[in-house]
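*Asks:*
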Amino acid sequence: MIVRYWSYYLMKMTGVHIQQEGKPILDAPVMLVANHVSWIDIFIINSQRATSFIAKAEIRQWPVIGWLVGAVGTIFIQRGSKSDVVTINASMKAHFDQNTCIGLFPEGTTSDGLSILHMYSGLLEGAMNARVPIQPVALLFYYQQQRSGRVAFIGEQTLLANMWVLLSSKNVGVTVRFLPPVTKAGEEVLITRQELIEQIREILLKEVSVER
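Its first residue numbered 28, the sequence shown is counted upward by one per residue in our numbering.
(1) Grouping DSSP H, G and I as helix and E and B as strand, with all else coil, what is lysine 39?
(2) Going by DSSP, what residue range makes up the alpha helix (DSSP H) through glutamate 215?
(3) To the nearest angstrom, how far is it from the Cα of proline 208 to the Cα of proline 163?
(4) With the cut-off set at 7 Å, would you say isoleucine 45 and valine 201 are in Cβ contact?
(5) Between the stretch 111 to 122 and the stretch 152 to 170, are three or more C-beta pairs nearer than 8 Å?
(6) Does the stretch 180 to 190 come within contact of the stretch 116 to 135, defined as at least 3 CB pairs closer than 8 Å?
(7) Using only the alpha-carbon positions, how far apart do phenylalanine 194 and methionine 40 sit?
(8) Where does the unbroken beta strand (DSSP E) through leucine 131 begin, and where does it stop?
(9) Return the chain-ordered ranges of every alpha helix (DSSP H) run that is complete within the stretch 171 to 236 and spans a minimum of 4 residues.
(10) What does DSSP give as the partner residue(s) for leucine 59 in the beta ladder?
(11) Pull up the DSSP beta-bridge partners for serine 79, would you.
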């Protein structure tokens, strides 16, 4: 509860208006799988459902933001490290046994929020083995009531520059859309994790895509 309130007020301080659609699973362990647009994604989702995210280790070194992200229970992983993936997958059962919600950004990097990049399946294994629900979450960003990638943290933009854009922009909003789970509690997943991540990607792509 503390993490939710803390994340909510942090986002309120940035001026980002959050609207929730659909419902997260609150009373049981779950893995949330979301598209990734900005460093604020972790706080946006945490404001709706306390979640321990798996994120790249380099974020921990970012000034201020690294501390904030760590404070909400983020699990850091070395990018491209197969041993880290194996270790985290093995430890997920202990987290899920405590009714923990684990969050994942399987694109591995940020996009403009108007499409979905390639998604990696490795970290789905822990949830599949634990037989917990996997719930897709679509983040839809708006600027002045129009879908926009204005505050997306992409390309060669620095963290400081992105923070300036975010804090100086008025009428920034995000819809957090919790979609139906693609797996059920206690049931074995009968498809491969690659097939499952492709299914999730198609679901999220349908939600976030904007014709240009």
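Ideal placement from N, C-alpha and C gives every residue a C-beta, glycine not left out. These numbers come from a predicted model, not from an experiment.
*Replies:* Reading from the atomic positions:
(1) Lysine 39 falls in the helix class under three-state DSSP.
(2) No alpha helix (DSSP H) contains glutamate 215, which DSSP labels as neither H nor E.
(3) Approximately 6 Å, taken between the alpha carbons.
(4) For isoleucine 45 and valine 201, yes; Cβs fall inside 7 Å.
(5) Output reads yes: the stretch 152 to 170 touches the stretch 111 to 122.
(6) They do not touch, by the three-pair rule.
(7) Per the sequence shown, the amino acid found at residue 194 is leucine instead of phenylalanine. Going from the Cα of leucine 194 to the Cα of methionine 40 covers about 9 Å.
(8) Here the beta strand (DSSP E) through leucine 131 covers 128 to 131.
(9) The stretch 171 to 236 contains these whole alpha helix (DSSP H) runs: 186 to 195, 220 to 235.
(10) Beta-bridge partners of leucine 59 (DSSP): Gly130, Gln162.
(11) Partner residues in the beta bridge of serine 79, as assigned by DSSP, are Ile129.
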